[in-house]
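Residue numbers (the working numbering): 33 to 155. Built from N, CA and C at the ideal position, the CB exists for glycine as well. Structure first, commentary second.
Structure (structure tokens):
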């Protein structure tokens with residue numbers, strides 16, 4: 033399935049399930065295991081579990097299973113891997129704690145480049 037179709041399907045389901053503050057991060061070339069990260073927030077553990085189950089059910093209906101699912105509603109974070117697209121659903125306080133959006137910003141990339149250049153100079 034095309035990455036844009038997968039992304040759009042995930043976004044539609046997240047919207048239908050009333051997930052909040054959904055963002056899509058293009059991480060192509062930055063990560064080995066996916067090209068897009070979708071990050072969203074659930075209202076409570078039960079809502080989190082329902083969102084992830086809705087994603088899995090929708091893809092199962094079109095004969096596309098999730099590669100991997102991890103976490104549970106009580107942990108405040110569940111991740112579902114659809115190959116090129118990985119969906120993270122958090123409770124709000126857990127999302128702020130891990131702050132995945134900041135991890136993949138330009139500032140983070142600049143820090144990695146700087147550290148890489150310093151390491152090359154030490155060789």
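- Task: Please classify residue 52: does DSSP put it in a helix, a strand, or coil?
- Result: DSSP places residue 52 in strand when its eight states are reduced to three.
- Anyone know if the C-beta pair for residue 71 and residue 110 falls short of 9 Å? No.
- Taking the CB atoms as reference points, tell me whether residue 114 and residue 81 lie closer together than 9 Å. No, the Cβ-Cβ distance between residue 114 and residue 81 is not below 9 Å.
- Message: Can you list, in chain order, the residues of its chain with a C-beta nearer than 8 Å to that of residue 116? Leave out the 5 residues immediately preceding and following it.
- Response: For residue 116, the CB contacts under 8 Å within the same chain, skipping 5 residues up- and downstream, are 35, 38, 66, 67 and 68 in chain order.
- Message: Rounding to the nearest angstrom, what Cα-Cα distance links residue 131 and residue 94 in this structure?
- Response: Whole-angstrom Cα-Cα distance: 32 Å.
- Is it right to say residue 135 is buried, meaning 16 or more other beta carbons lie within 10 angstroms of its own, or is it exposed? Under this definition residue 135 is an exposed residue.
- Task: Decide if residue 74 is buried, meaning its Cβ has at least 16 other Cβ atoms within 10 Å, or exposed.
- Result: The residue in question, residue 74, is buried, as its Cβ has 16 or more Cβ neighbours within 10 Å.
- Query: How many Å lie between residue 55 and residue 96 at the Cα?
  - Reply: Looking at the two C-alpha atoms, the distance is approximately 23 Å.
- Own chain residues within Cβ distance below 7 Å of residue 87, not counting five before or after: Sequence-distant partners of residue 87 (beyond 5 residues in either direction) whose C-beta falls short of 7 Å from its own C-beta, in its chain, are 42, 45, 112 and 119.
- Task: Assign residue 47 to one of three DSSP states: helix, strand, or coil.
- Result: Taken through DSSP and simplified to helix, strand or coil, residue 47 comes out as helix.
- Where residue 74 sits in the DSSP three-state scheme: Looking at residue 74 - three-state DSSP - the assignment turns out to be strand.
- Task: Going by CA-CA distance only, name the one from 79, 40, 58 and 61 that's closest to residue 51.
- Result: Of 79, 40, 58 and 61, the residue nearest in Cα terms is 79.
- Message: According to DSSP, is residue 96 part of a helix, a strand, or is it coil?
- Response: It is coil, neither helix nor strand.
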